[in-house]
Amino acid sequence: MKAGRRPGLRRTHVLVLPLLAGLLAAAAPVDELRLEPLRDAIITDARATNPAGIAFDRTTTAVRRGPGMSEKTVTVERWDGQRWSLVSVNGQAPSATHLKQFRKATAANPVPGYHRLAALMAAASDVAVDGEGRKILKIPVLPPGTVRTDSADISAHLSGEAVIAAGNGRPYVERLKVKARENFKLNLLIKVTNFEQVSDYRLGPDGRPRLASQTADSKGSMFGFSGGQTDEVVYAYR
Numbered sequence: 003m004k005a006g007r008r009p010g011l012r013r014t015h016v017l018v019l020p021l022l023a024g025l026l027a028a029a030a031p032v033d034e035l036r037l038e039p040l041r042d043a044i045i046t047d048a049r050a051t052n053p054a055g056i057a058f059d060r061t062t063t064a065v066r067r068g069p070g071m072s073e074k075t076v077t078v079e080r081w082d083g084q085r086w087s088l089v090s091v092n093g094q095a096p097s098a099t100h101l102k103q104f105r106k107a108t109a110a111n112p113v114p115g116y117h118r119l120a121a122l123m124a125a126a127s128d129v130a131v132d133g134e135g136r137k138i139l140k141i142p143v144l145p146p147g148t149v150r151t152d153s154a155d156i157s158a159h160l161s162g163e164a165v166i167a168a169g170n171g172r173p174y175v176e177r178l179k180v181k182a183r184e185n186f187k188l189n190l191l192i193k194v195t196n197f198e199q200v201s202d203y204r205l206g207p208d209g210r211p212r213l214a215s216q217t218a219d220s221k222g223s224m225f226g227f228s229g230g231q232t233d234e235v236v237y238a239y240r
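Sequential numbering from 3 applies to the sequence shown in this note's numbering.
Here it is, written out as structure tokens:
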């Protein structure tokens, strides 16, 4: 009798062990996808990044489109860690009009950089995994001040997704994509029908992430005419 029972016991163990392994494997992703530790780690690192400790040139290539027109402008601006300066517009010294517009825009907008993700990530409410196995933090509505135009804060009309990578054993935002949740009015005349902005971040020589490039595309209409603008921005650190 004893000899006959042993094979049965061995078969039971063989069945139980794979079952336990399967349960543990199924539980692991749930633990790894906890929102708070991931979000808090990114916020901590973003807060530790000081815009006064970096210097860069920002080159923006903007193409405006409208009925029968296409206008391209290349602008180079410089942040030295304390203040902005306008270097050139279309390869030439800026005019008085350019300088006036530049001062207005830089006064209304904070210095761009990884530090700005602290407030943005605080609004993240979910974490998921995409088709490439990357962790994604989802922001249903962007907090105020996240994205501004020349004349308005459009953050409330946008949602966002942040692609997370790992550097030096720490998670960081590798790409941030924001897009319009709805059509919205930019002012009494312009209706925005599409807006999408992508920001890419790369690790610098010090191992800290920093803003590398941005693209933005918007479409809208005014008085029944359609138009739009595409911006490509590159950051060169000094």
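Cβ coordinates follow ideal geometry from the N, Cα and C atoms, glycine included.
Sorting 203, 173, 134 by C-alpha distance to the C-alpha of residue 39 places 173 at the top. A distance of 7 Å or more separates the beta carbons of residue 125 and residue 146. When Cβ pairs closer than 8 Å are counted between the two stretches, the stretch 127 to 137 is seen not to touch the stretch 92 to 109, the count staying below three.
Residue range 71 to 81 is occupied by the beta strand (DSSP E) that includes residue 73. Along the length of the stretch 207 to 239, whole beta strand (DSSP E) runs at least 3 residues long occupy 211 to 224, 227 to 239, reported in chain order. Each of 215, 230, 224, 222 was checked against the Cα of residue 239, and the nearest Cα belongs to 215. At a Cβ-Cβ threshold of 7 Å, residue 233 and residue 64 count as neighbours.
C-alpha of residue 51 to C-alpha of residue 220: approximately 30 Å in a straight line. By the criterion of at least three beta-carbon pairs nearer than 8 Å, the stretch 70 to 84 is in contact with the stretch 41 to 59. In this structure, residue 119 sits near residue 175, with a CB-CB distance shorter than 7 Å. Taking a C-beta distance under 7 Å as the contact criterion, residue 164 and residue 205 do not qualify as a contact pair.
Looking from the CA of residue 96, the closest CA among 35, 86, 77 belongs to 77. In the structure shown, residue 142 falls within a coil segment according to DSSP collapsed to helix, strand and coil. One thing to note: residue 193 has its Cβ within 7 Å of the Cβ of residue 223.
Under the DSSP assignment, residue 99 falls outside any beta strand (DSSP E), being part of the alpha helix (DSSP H) whose first and last residues are 98 to 110. The C-beta distance from residue 185 to residue 153 rounds to 18 Å, too long to fall under 8 Å, and the pair is not in contact. With fewer than 16 other Cβ atoms inside 10 Å of its own Cβ, residue 69 counts as exposed. Closest option to residue 123, judged by alpha-carbon separation, among 53, 148, 61, 113: 148. Cβ atoms of residue 67 and residue 230 come within 8 Å of each other, at about 5 Å. Assigned with DSSP and collapsed to three states, residue 48 falls in helix. Under the three-state reduction of DSSP, residue 125 is assigned to coil, being neither helix nor strand.
By the C-beta density criterion, residue 112 is exposed, having fewer than 16 other C-beta atoms within 10 angstroms.
For residue 64, the beta-bridge partners assigned by DSSP are 75, 233.
Counting the other CB atoms within 10 Å of its CB gives residue 94 a total below 16, which places it among the exposed residues.
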